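Positions in the sequence shown are counted from 1; adding 27 to them yields the working numbering.
Read through the structure below, which is laid out as structure tokens, and then see the notes.
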Amino acid sequence: MSDAPKQPAKPSTPSLNPFPLRERIKMPRQHMPEQSAEERARNYGEVNLGYSAELARQEALRCLECAKKVCTTNCPVGVKVGEFVQLILAGDFAGAAAKIREDNVLPAITGRVCPQEDHCEGACLLHKKGESLGIGYLERFVADYEQRMGIHSFHKVPPTGKKVAIVGSGPSGLTAAGELVQQGHNVHVFEALHELGGVLVYGIPEFRLPKQIIREQLDYMRAMGVEFETDVVVGRTVTIDELMEEEGFDAVFVGTGAGLPVFMKIPGEHCNGVYSANEFLTRINLMHAYEFPKYDEPIVDCRSKDVAVIGAGNTALDAIRSALRLGARKAFVIYRRSEAEMPARAEEVKHAREEGIDFQMLTAPVEFLSDSKGWLTAARCVRMELGEPDASGRRRPVPIKGSEFDLPLSVAVMAIGTSANPIIQSTTPGLKTNQRGYIDADQTTQRTSRKGIFAGGDIVTGSATVILAMGAGRRAAKSIHEYLTTGVW
Ligand SMILES: Cc1cc2nc3c(=O)[nH]c(=O)nc-3n(C[C@H](O)[C@H](O)[C@H](O)COP(=O)(O)OP(=O)(O)OC[C@H]3O[C@@H](n4cnc5c(N)ncnc54)[C@H](O)[C@@H]3O)c2cc1C
28 MSDAPKQPAK PSTPSLNPFP LRERIKMPRQ HMPEQSAEER ARNYGEVNLG
78 YSAELARQEA LRCLECAKKV CTTNCPVGVK VGEFVQLILA GDFAGAAAKI
128 REDNVLPAIT GRVCPQEDHC EGACLLHKKG ESLGIGYLER FVADYEQRMG
178 IHSFHKVPPT GKKVAIVGSG PSGLTAAGEL VQQGHNVHVF EALHELGGVL
228 VYGIPEFRLP KQIIREQLDY MRAMGVEFET DVVVGRTVTI DELMEEEGFD
278 AVFVGTGAGL PVFMKIPGEH CNGVYSANEF LTRINLMHAY EFPKYDEPIV
328 DCRSKDVAVI GAGNTALDAI RSALRLGARK AFVIYRRSEA EMPARAEEVK
378 HAREEGIDFQ MLTAPVEFLS DSKGWLTAAR CVRMELGEPD ASGRRRPVPI
428 KGSEFDLPLS VAVMAIGTSA NPIIQSTTPG LKTNQRGYID ADQTTQRTSR
478 KGIFAGGDIV TGSATVILAM GAGRRAAKSI HEYLTTGVW
């Protein structure tokens, strides 16, 4: 029986790929060059080093050029994967980057942090045969090429005279801004922090997403005409109503994220040495603890200490891998479910294991113990077993009686989730929220209950992913443009 894919390839234009499908399926996925685990565990340099042009071409040759573009339909922003891969095969790397930019204004970022296994790569036909096409790696390659060459591929259109305010400079806000400015609107981004980028800059560490990459993407957006203003807390410095009534903004997009920390509410959680992941990572990323000894940020002193993170999402792994790089002696992930339920990106789990992170699965803290001065000394933990599925569809962890043990620790980081940033909701009359405090917005148009106000990203869905936030920003931009050009709400 043939091992060729069931779905025949029917490219509309002649393929540039000389290999028959049968051979492409057998080609191994090209490995991403990376720093060795031993070396990188003690520095903040980027783990993945990026494909060379030759590796990118070799990987592009694996594409099956399927007639049904499931990679595109499974991408929340609809990147035309097949077309950009063909351009790589043609050696037109700038053209490939421009093709991605038709749908995705932040390709160097998504090429690094998007959970491709849940979207394009998860749907790739090669995935069913073995290893999917390295779509994220290829995206990163052409985006970095474009950046290195200083190529700008956007088009300027005549100004419409309409003003749009974007509140928050995370991926949802940046995407909405990038799309709207290309339609001729005057776009102004307001950011509460002193640095732009949202979680991309204050949450995701340098070794996964270098700050320079974000700065370059922001410069690209400035060149497109987007204006940025930092240190403006909308709802405090200025309200949305003031922006619309006094500063002449015709529409507002709210992309303020879900950055409020959540705690377990267990005894001892407020002793010294227990942090929220948000605080821990912000101190490292925005207050430069990662640049020790150039910057001395003592509160995240992990040197020669035993550190644990509670939780197993991307945030948790970023926190514990950062602690390792700050000099932790032992670094633990404490997670109440099993490996199969871990929400972090597959690549991050693999990297963390290689770096020597100790995963304590099916384990949960029940109390934090401290010394007479209130400093953390240990986490009292209990082992769990998996019971019946809960509301999330995952098997519920159930404590095993008598399994308690103490894990000596000096630092613990809580990364069990976040909740909505509340300022906008409480200062914008008539803006409806759901029971959990997130803004109510239509899933297709991103319209809220207030005329002219749109919302998207984590502030609507709760904590999710970069690409889902970008998808919301894109839908919002489309519907803001319709509203501004037709006047119909
Ligand atoms: C540590 C960490 C690692 C992650 N890793 C990944 C990953 O690898 N892959 C992935 O896909 N997802 C990852 N995520 C999730 C992803 O980063 C978020 O889902 C995404 O950033 C949400 O985008 P957003 O635009 O909705 O909000 P955010 O990125 O949260 O940005 C919101 C911005 O709004 C600003 N703001 C808030 N209130 C106001 C106000 N009143 N006025 C002005 N500005 C305001 C905030 O300061 C912030 O800059 C990670 C999250 C964290 C915390």
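Backbone N, C-alpha and C define an ideal beta-carbon position, used for all residues, glycine too.
Computed from a predicted model, the values in this text were never measured in an experiment.
- No heavy atom of ligand 1 is found nearer than 6 Å to the CB of D119.
- Judged by DSSP in its simplified three-state form, F481 adopts strand.
- Straight through space, the alpha carbons of Q210 and L511 are spaced by roughly 11 Å.
- The C-beta of H378 has 16 or more other C-beta atoms within 10 Å across all chains shown, which makes the residue buried.
- Between I311 and I337, the CB-CB gap reaches or exceeds 7 Å.
- Placement of the Cβ of F276 at a distance of 6 Å or more from every heavy atom of ligand 1 is found.
- Looking at the DSSP output, L434 bridges to A406.
- Beta-bridge partners assigned by DSSP to I466: T460.
- For E233, the secondary structure class from DSSP, reduced to helix, strand or coil, is coil.
- In terms of side-chain proximity, the C-beta atom of T283 is found nearer than 6 Å to a non-hydrogen atom of ligand 1.
- CA-CA distance, S180 to G205, rounds to 13 Å.
- In the three-state scheme derived from DSSP, where H, G and I count as helix and E and B as strand, L287 is classed as strand.
- Of the other Cβ atoms in all chains shown, fewer than 16 fall within 10 Å of the Cβ of Q239; this residue is therefore exposed.
- The beta-bridge partner set that DSSP reports for A339 is empty.
- Separation of the CB atoms of E412 and L389 is rounded to 7 Å, and the pair is thereby assigned contact status at 8 Å.
- Taking the Cα of G340 as reference, the smallest distance to any Cα among V440, A123, G224 is reached at V440.
- Considered as a whole, the segment 222 to 286 harbours 254 to 256, 278 to 281 as its complete beta strand (DSSP E) runs of no fewer than 3 residues, in chain order.
- Taken in chain order, the complete beta strand (DSSP E) segments of 3 or more residues contained in the segment 290 to 322 are 301 to 303.
- When beta bridges are read from the DSSP output, L396 appears opposite A405.
- Closer than 6 Å to some heavy atom of ligand 1: that describes the Cβ of G262.
- Around the CB of M176, fewer than 16 other CB atoms lie within 10 Å, so the residue is classed as exposed.
- Distances from the alpha-carbon of R263 to those of C141, V409, L220 put L220 closest.
- Shortest Cα-Cα distance from G514 to any of E254, M369, A278, R242 involves A278.
- The beta carbon of I241 lies closer than 8 Å to those of I136, L223, G224, L227, V228 in the same chain, with the five residues before and after it left out.
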